[in-house]
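K.L.:
In this note's numbering, the protein residues as written are 4 to 109.
(1) When we look at the beta-carbon of residue 58 and count the other beta-carbons within 10 Å, is it buried (16 or more) or exposed?
(2) Is the region 97-107 touching the region 67-74 in the sense that three or more CB pairs, one from each, lie closer than 8 angstroms?
(3) Let me make sure I understand the geometry here. Which of 97, 94, 53 has the alpha-carbon closest to that of residue 78?
(4) Could you give the distance in angstroms between the alpha-carbon of residue 87 and the alpha-carbon of residue 67?
(5) Return the bridge partner residues of residue 85 from the DSSP annotation.
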């Protein structure tokens, strides 16, 4: 039972460390972004990843620019696809361009 308790607290510690890392990397704050059919909630980090995808960068290059792992970038891209209902990076790029055009020109 003590071993089970240690495992539980270990995973709780891991979760807290992941939350702390996400907070430090400013991944927890969400940005509500208007899309054609309503609003979408992406984290600031996902928005950054979407912007870099729109520049045509690979996951590896994005990972280097943001100082995160390539697997983390992949996870962000997958969440962006899911959140926006997209299936390709081209759709993400087109969406980012559409968002930029909708911004006030100041």
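Here a beta-carbon is modelled for each residue, glycine too, at the ideal position from N, C-alpha and C. Here the structure is a predicted model, which is why all the values come from computation and not from measurement.
P.N.:
Once the coordinates are examined:
(1) Indexing the chain shown from 1 puts residue 58 at position 55. Residue 58 comes out exposed.
(2) no
(3) In the chain shown, counting from the first residue as 1, residue 78 sits at position 75. The candidate whose alpha carbon is nearest that of residue 78 is 53.
(4) Residue numbering aside, residue 87 sits at position 84 when the chain shown is read from its first letter. Residue numbering aside, residue 67 sits at position 64 when the chain shown is read from its first letter. Annotation: residue 87 to residue 67 spans about 25 angstroms, alpha carbon to alpha carbon.
(5) Position 82 of the chain shown, counted from the start, is the residue given in the question as residue 85. Note: residue 85 sits in no beta bridge, so no partner.
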